[in-house]
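Asker: Protein chains in written order, with the numbering used here: chain A, 212 to 464; chain B, 212 to 464.
All residues carry an ideal CB built from backbone N, CA and C; glycine is no exception.
2 protein chains.
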Amino acid sequence: MANFCLILAYDGTRYNGWQRQGNTSDTIQEKLENILEHLYGEPVEIHGSGRTDAGVHALRQVANYHVPRMLSRFSCQEIQTYFNQYLPLDIRVLSVSKADSRFHARLSAESKIYEYRIDCGPIANIFNRRYLYRIEEPLNPQKMQEAASYLIGTHDFKSFCANRHMKKSTVRTIYDISFELVDGILYIRYCGDGFLYHMVRILTGTLIEIGMGDLLPTQLPTILESQNRALAGFTAPAQGLFLVEVHYPEAGE
Amino acid sequence: MANFCLILAYDGTRYNGWQRQGNTSDTIQEKLENILEHLYGEPVEIHGSGRTDAGVHALRQVANYHVPRMLSRFSCQEIQTYFNQYLPLDIRVLSVSKADSRFHARLSAESKIYEYRIDCGPIANIFNRRYLYRIEEPLNPQKMQEAASYLIGTHDFKSFCANRHMKKSTVRTIYDISFELVDGILYIRYCGDGFLYHMVRILTGTLIEIGMGDLLPTQLPTILESQNRALAGFTAPAQGLFLVEVHYPEAGE
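1. Can you tell which of Phe406(B), Val255(B), Ala358(B) and Ala441(B) has the C-alpha that lies nearest to the C-alpha of Pro428(B)?
2. Decide if Ile239(A) is buried, meaning its Cβ has at least 16 other Cβ atoms within 10 Å, or exposed.
3. Compare the C-beta of Phe285(A) against all C-beta atoms of chain B and say whether one is closer than 8 Å.
4. In this structure, what does DSSP give as the bridge partners for Leu397(B)?
5. Under 9 Å Cβ-Cβ, which residues of chain A neighbour Asp222(B)?
6. In chain order, what residues of the stretch 292-310 of chain A put their CB closer than 8 Å to some CB of chain B?
7. For chain B, is any of its Cβ atoms less than 8 Å away from the one on Ile334(A)?
8. Can you check DSSP and say which residues form a bridge with His303(B)?
9. Would you grab the beta carbon distance between Leu397(A) and Leu350(A) for me? Rounded to a whole angstrom, and I think it's under 8 Å.
10. Which of the three DSSP states, helix, strand or coil, is assigned to Asn439(B)?
11. Have a look at Leu452(B), Glu253(B), His376(B) and Ile334(B) and flag the residue whose alpha-carbon is nearest the alpha-carbon of Tyr221(B).
12. Just to confirm, are Phe368(A) and Thr381(A) a CB contact at a threshold of 8 Å?
13. Of the choices Pro460(B), Val455(B), Met410(B) and Glu461(B), whose alpha-carbon is the least far from that of Gln486(B)?
14. So what does DSSP say about Ala373(A), is it helix, strand or coil?
15. Using a Cβ-Cβ distance cut-off of 8 Å, determine whether Gly395(B) contacts chain A.
16. If you measure from the CB of Thr381(A), is any heavy atom of the ligand PLP nearer than 7 Å?
17. Closer than 8 Å, CB to CB, is Lys378(A) near chain D or not?
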């Protein structure tokens, strides 16, 4: 089997997330697989590095798919051109490359970076308004940064997981959370080995509540330890969230 | 009369341009005037620095309005807050200030800067796609720059005016045209004392045809001299055009 690795960007606004679902046709995975089926003449399954939720965007999502060598008559450039010709304008294939046969976009991923963008300037941003979460109340980024320091490291993030019946481990490692405030927009970047369902959005909602003074930074360890979703903050809306990049141990891409 | 000066930003996508028109309600001027009428309790006319066409955006449009002193009981901050509370999210008032009584946003304007944004990268930009004109064919920015040098100065720009029955002078002065290519996006900035109807878009369309090799840079003087719209290039679409700023001789703002 030939194994192809894709780097993708998409505006998640009008999609029902990454994952193909039985009854809807508006998922990123389905858009891609439909094009692959046309290209190769048979169904091809595509694996994303992870599922992005409805409305979440991606700057460099990674995916891969296998095709039997006998079907694999197209070059990487041809595959990319074919995708970008037939995909809607809010999904683009940034690159196509041949990958090691063992490479799997999700299972091989070592770490991921997500970014949450908050518009907290004095006047709401117009031209990026679809990709920002607007907050009118004043935010204290120093308090948010102080709170974020409690999240770094390996913890059970059950309090920050929307799936109440999660049977698998809710232990994850956050390597870094960085903050940058540029032109009234606060960028929060989360780097970790993986993220639970809604985890980045609940972390962000909690940090926002801290930034607004509704919670104290020093309450974060208690929230973490409680393993109780109800103690964490609200789920920040999807429109401000971007999957930035996915790292792999070697040049599997 | 008190004279107030506004700096405005808007996403022109869903508007029928700046100027209030009898039969439509989707112009920027009308949105602003409706709010002023609510604020002051009587109709107030607002003067823009110039009319932007349907679909054209503004980063810093300037406008002013007069109100009788007896009605002028609101501070600049109150006026700004009121506007931003009631305006749709694609129009924002960036500042409100008191102006000299003789200040007029259009008549006092000394020069204007427009910017046209062309997406000519290898892969179409996703997140700014509403504000870019996408070109798939390769462009030669050097040729465009060479051609632009013929446009600098005072000329009769009749060939670049969409109004065939223009009775007023079609002589304008272009002070500068600059090019910047960043991440696959070509930004063309036009600075001039004023621009005719569709002039920036026709200039851009002509430069694009030169960049694609359909016209030669050295043909520009002939096109200018012909005073014939048919010899110039196509009208580049509105969505890539931004009014960037308006300059006034003194601190009239």
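Answerer: Straight from the coordinates:
1. As a first step, residue 428(B) must be located in the second sequence, where it is residue number 217. Of the listed residues, the one whose Cα sits closest to Pro428(B) is Ala358(B).
2. Your numbering for residue 239(A) matches position 28 in the first sequence. By the 10 Å Cβ count, Ile239(A) comes out buried.
3. Position 74 of the first sequence, counting from 1, holds the residue named residue 285(A). No, no contact with chain B.
4. Against the second sequence, residue 397(B) aligns to sequence position 186. Checking the DSSP bridge columns, you'll see Leu397(B) partnered with Ile329(B) and Leu392(B).
5. Counted from its first residue, the second sequence places residue 222(B) at position 11. In chain order: Ile337, Phe338 and Arg340.
6. Asn295, Leu300, Asp301, Ile302, Arg303, Val304 and Leu305
7. Along the first sequence, read from residue 1 onward, the residue named residue 334(A) stands at position 123. Yes, its Cβ sits closer than 8 Å to a Cβ of chain B.
8. Taking the second sequence and counting its residues from 1, the one referred to as residue 303(B) is at position 92. Checking the displayed sequence, the identity of residue 303(B) turns out to be Arg instead of His. Ala220(B).
9. Position 186 of the first sequence, counted from the first residue, corresponds to residue 397(A). Position 139 of the first sequence, counted from the first residue, corresponds to residue 350(A). Yes, they are in contact, since the Cβ atoms of Leu397(A) and Leu350(A) sit about 7 Å apart, within 8 Å.
10. The sequence position of residue 439(B) within the second sequence is 228, counting from 1. Looking at Asn439(B) - three-state DSSP - the assignment turns out to be coil, as it is neither helix nor strand.
11. Locating residue 221(B) in the second sequence gives position 10, counting from the first residue. Looking only at Leu452(B), Glu253(B), His376(B) and Ile334(B), the smallest Cα-Cα distance to Tyr221(B) is reached by Leu452(B).
12. Reading the first sequence from its first residue, position 157 is the one you call residue 368(A). Reading the first sequence from its first residue, position 170 is the one you call residue 381(A). A contact, by the Cβ cut-off of 8 Å.
13. Nothing about residue 486(B) can be read from this structure; chain B reaches only from 212 to 464.
14. Translated into positions along the first sequence, residue 373(A) becomes position 162. It is coil, neither helix nor strand.
15. Position 184 of the second sequence, counted from the first residue, corresponds to residue 395(B). False, the Cβ-Cβ gap to chain A never drops below 8 Å.
16. As for the ligand PLP, it is missing from this structure, which has no ligand bound.
17. Of the protein chains in this structure, namely A and B, none is chain D.
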